[in-house]
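K.L.:
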């Protein structure tokens, strides 16, 4: 589904990715793991066109994404939930969702179906974004991305700063999406959370993919965990 071949990218004069190669399969959850500063978020921003591709090629379902603007990449079928969530704090929950729905592709995800997935949002429709808890903001960011009816959903650190009970809720909702066949790329520091959801795991270190395998393989590889994850 998504192929990154020899990607180099970074910020200004600072290069972060060095020939990174990664693939994410259709209908599968691909977890990207690595230490802080390894290049995980840079990889996602490069996929989304928020950082330029200096070298290499990115393809979604065979179509080249290099050089496209972020809105064009979203329209091509990628829903992105950044670590910062980036909801519109001055808008209500309903307005945040309606804005996304008006720009989305046709598909199964509608205002009604995202509220079915996240009932709490249905109770908070008239509340402003700034009135939501961290967990509610994460639900809203995910619901907004789903309203684009993406072929691929990308999430950057969805459990960051959330209470354990909310982490469990987010896990359950992602498991529902996984069971429904949604293709997902998940960047996550929580090793147990990520490996419980993933079909495939890629470890990023020093701007490159240094290991790939299954959740069971990485759970049983203490050397990889210690060297590249600090677990």
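Residue numbers (the numbering used here): -17 to 213. All residues carry an ideal CB built from backbone N, CA and C; glycine is no exception. Computed from a predicted model, the values in this text were never measured in an experiment.
Taking the beta carbon of residue 46 as the centre, do at least 16 other beta carbons fall within 10 Å, making it buried, or is it exposed?
P.N.:
Locating residue 46 in the chain shown gives position 64, counting from the first residue. Burial call: exposed.
K.L.:
Say whether the region 197 to 210 touches the region 46 to 63, bearing in mind that this needs 3 or more beta-carbon pairs closer than 8 Å, one atom from each stretch.
P.N.:
At 8 Å Cβ cutoff, the stretches do not touch.
K.L.:
Is residue 149 helix, strand or coil when you go by DSSP?
P.N.:
The count along the chain shown starts at 1 and reaches residue 149 at position 167. It is helical.
K.L.:
Flag this pair as touching only if the region 11 to 22 and the region 185 to 199 have three or more C-beta atom pairs under 8 Å; answer yes or no.
P.N.:
In short, these stretches touch, since the Cβ pair count reaches three.
K.L.:
Tell me the start and end of each unbroken beta strand (DSSP E) in the region 127 to 200 that is at least 3 residues and wholly inside, in chain order.
P.N.:
DSSP runs (the beta strand (DSSP E)) wholly in the region 127 to 200: 134 to 138, 165 to 169, 182 to 187, 190 to 195.
K.L.:
May I ask you to report which of helix, strand or coil DSSP gives residue 69?
P.N.:
Numbered from 1 along the chain shown, position 87 holds the residue referred to as residue 69. Coil, per DSSP.
K.L.:
Look at the Cβ atom of residue 140, then the Cβ atom of residue 170, and state whether they are nearer than 8 Å.
P.N.:
Residue 140 sits at position 158 when you count from the first residue of the chain shown. Residue 170 sits at position 188 when you count from the first residue of the chain shown. Cβ distance < 8 Å, so residue 140 and residue 170 count as in contact.
K.L.:
Hey, how far is the Cα of residue 3 from the Cα of residue 89?
P.N.:
For the purposes of this step, residue 3 is taken as the residue at position 21 of the chain shown. For the purposes of this step, residue 89 is taken as the residue at position 107 of the chain shown. Taking the straight line joining both Cα atoms gives about 30 Å.
K.L.:
I need the boundaries of the beta strand (DSSP E) containing residue 6, first residue and last residue.
P.N.:
Taking the chain shown and counting its residues from 1, one reaches residue 6 at position 24. From DSSP, the beta strand (DSSP E) with residue 6 extends over -4 to 6.
K.L.:
Do three or more CB pairs link the region -14 to -4 to the region 148 to 165 at distances below 8 Å?
P.N.:
These segments do not touch.
K.L.:
Between -6, 16, -5, which has its C-alpha nearest residue 183's C-alpha?
P.N.:
Residue numbering aside, residue 183 sits at position 201 when the chain shown is read from its first letter. Closest by alpha carbon: 16.
K.L.:
So, with DSSP's three-state summary, where would you put residue 27?
P.N.:
The residue labelled residue 27 in the question sits at position 45 within the chain shown. DSSP places residue 27 in helix when its eight states are reduced to three.
K.L.:
Let me confirm a value: residue 28 is counted as buried when at least 16 other C-beta atoms fall within 10 Å, else exposed. Which label applies?
P.N.:
Start at 1 with the first residue of the chain shown, and residue 28 comes out as number 46. Residue 28 is buried by the Cβ-count criterion.
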